[in-house]
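S.K.: Residue numbers (numbering that gives the first Met the number 0): 0 to 242.
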Amino acid sequence: MVPMRRSSPREGGGPCRPVRVPNGIVGSIDHPIALYVMSSSFVTSRLSTMATLSRRARTAETRKATETELLQAVVSLLQEGSAYAEISIEQIVRRAGFSRPTFYAYFDDKRALVLKLGEALEADLSDAAEPWLSFADVPLRDTMDGVLAVFTRHRASVGAITEAATYDPDVAAFWQAFHDRFRPGAERRIAAGDPELPAAGVAARAYALVYMTERAFTEHVARPTLDEQALVDQVTWLWQAAI
0 MVPMRRSSPR
10 EGGGPCRPVR
20 VPNGIVGSID
30 HPIALYVMSS
40 SFVTSRLSTM
50 ATLSRRARTA
60 ETRKATETEL
70 LQAVVSLLQE
80 GSAYAEISIE
90 QIVRRAGFSR
100 PTFYAYFDDK
110 RALVLKLGEA
120 LEADLSDAAE
130 PWLSFADVPL
140 RDTMDGVLAV
150 FTRHRASVGA
160 ITEAATYDPD
170 VAAFWQAFHD
180 RFRPGAERRI
190 AAGDPELPAA
200 GVAARAYALV
210 YMTERAFTEH
220 VARPTLDEQA
230 LVDQVTWLWQ
240 AAI
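Quick look at the structure:
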């Protein structure tokens, strides 16, 4: 009679580990049923994670789209000639096609909205000005063209910000910080071009150039009375003379 063969550890490894599968069946981790259950569980977990991420992405996209529509609504009202102080939240939500509760789900008040417009302006202006301020090999004249293009594109926002800055301390603080954002780059350029100029002179010249450029372009896009290319030429000349 042939003796019964005793089970032994798998070749190249230890004893087969038991695993519990449906209906209380206990078997090897390499058992087909166990492998099926484990792979199914893994796939289910992955699908659940992907579905959650997809829902979050859709939610983020929806929130971004709604925020953009609210911002576009106030911009369109400004472009029609309304002063920012005269625009009501009711007008904004009506133009955007939303309710007042929807507005407050995105912005605490009109101040938060105009500050959001300011953030977009600052980001675009940084893209236009920073390469030259950081000593990239780009012509100053092209940079000034790009800066004016940003002011033109955000004309309504610039008007709202400069208006609100006259009576809202938070907007005024943002507008000051907005200018301060570009002063260090201007100081580096000035110091490199005029190394004998004392630090106080460098700071003062950068301050004058940054504010002069903003004021000239803000006034131009609000009430254009000059030849645009001539204005850009002269602002460029002033910068070149200063550095």
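For every residue, glycine included, the Cβ atom is placed at its ideal position computed from N, Cα and C.
Label Leu165 either buried or exposed according to how many other C-beta atoms from any shown protein chain fall within 10 Å of its C-beta, with 16 as the threshold for buried.
M.R.: Position 166 of the sequence shown, counted from the first residue, corresponds to residue 165. Checking the sequence shown, residue 165 turns out to be Thr, not Leu. Label assigned to Thr165: exposed.
S.K.: What residue range does the alpha helix (DSSP H) around Phe150 cover?
M.R.: For the purposes of this step, residue 150 is identified with residue 151 of the sequence shown, where counting begins at 1. Per DSSP, Phe150 belongs to the alpha helix (DSSP H) from 139-152.
S.K.: Go through the region 76-103 residue by residue and report every complete run of the alpha helix (DSSP H) that reaches 4 residues or more, in order.
M.R.: Segments of the alpha helix (DSSP H) lying fully in the region 76-103: 88-95.
S.K.: Which same chain residues, not among the five before or five after Asp59, have their C-beta less than 6 Å away from its C-beta?
M.R.: Mapped onto the sequence shown, residue 59 falls at position 60. According to the sequence as given, residue 59 is Ala; it is not Asp. Correct list: empty, nothing qualifies.
S.K.: Contact defined as beta carbons within less than 8 Å: I believe Gln239 pairs with Leu139. What is the distance between those atoms, to the nearest angstrom?
M.R.: By 1-based counting over the sequence shown, the position of residue 239 is 240. By 1-based counting over the sequence shown, the position of residue 139 is 140. Contact flag correct, Cβ pair sits at about 6 Å.
S.K.: Give a yes or no on whether the C-beta atoms belonging to Val160 and Gly117 are separated by under 9 Å.
M.R.: Along the sequence shown, one-based indexing puts residue 160 at 161. Along the sequence shown, one-based indexing puts residue 117 at 118. For clarity, residue 160 is Ile in the given sequence; the question names Val instead. For Ile160 and Gly117, yes; Cβs fall inside 9 Å.
S.K.: Any contact between the region 167-177 and the region 226-237? By contact I mean 3 or more CB pairs, one from each, below 8 Å.
M.R.: Contact fails: fewer than three Cβ-Cβ distances are below 8 Å.
S.K.: Exposed or buried, Leu208, counting other C-beta atoms within 10 Å across all chains shown (16 or more means buried)?
M.R.: Taking the sequence shown and counting its residues from 1, the one referred to as residue 208 is at position 209. Counting Cβ neighbours within 10 Å, Leu208 comes out buried, since at least 16 surround it.
S.K.: What's the gap between the Cα of Ala155 and the Cα of Arg99?
M.R.: If you number the sequence shown from 1, residue 155 lands on position 156. If you number the sequence shown from 1, residue 99 lands on position 100. Cα to Cα, Ala155 sits roughly 23 Å from Arg99.
S.K.: Measuring only the C-alpha atoms, how far is Ala64 from Met143?
M.R.: For the purposes of this step, residue 64 is taken as residue 65 along the sequence shown, with counting starting at 1. For the purposes of this step, residue 143 is taken as residue 144 along the sequence shown, with counting starting at 1. One C-alpha to the other measures close to 31 Å.
S.K.: Quick check on the DSSP output: the alpha helix (DSSP H) that includes Glu195 runs from which residue to which?
M.R.: Locating residue 195 in the sequence shown gives position 196, counting from the first residue. Segment: none, Glu195 is in no alpha helix (DSSP H) and carries neither H nor E.
S.K.: Starting from the C-beta of Arg110, find all residues in its chain whose C-beta is less than 8 Å away, skip the five residues before and the five after it, and write them out in chain order.
M.R.: The sequence position of residue 110 within the sequence shown is 111, counting from 1. Excluding residues within five positions, the ones whose Cβ falls inside 8 Å are Ala163, Asp167, Asp169, Val170.
S.K.: Give the range of the alpha helix (DSSP H) segment to which Asp168 is assigned.
M.R.: Against the sequence shown, residue 168 aligns to sequence position 169. What sits at residue 168 in the sequence shown is Pro, not Asp. Start and end: 168-179.
S.K.: In three-state DSSP terms, what is Ala164?
M.R.: Here residue 164 refers to the residue found at position 165 of the sequence shown. In the structure shown, Ala164 sits in coil (DSSP, three-state: anything other than H, G, I, E or B).
S.K.: Put Thr224 into one of helix, strand or coil per three-state DSSP.
M.R.: In the sequence shown, residue 224 corresponds to position 225, counting from 1. Coil, per DSSP.
S.K.: When the distance is taken between beta carbons, is Leu120 closer than 9 Å to Val73?
M.R.: Counted from its first residue, the sequence shown places residue 73 at position 74. Counted from its first residue, the sequence shown places residue 120 at position 121. No; because the gap between Cβ atoms is not below 9 Å, this pair is not in contact.
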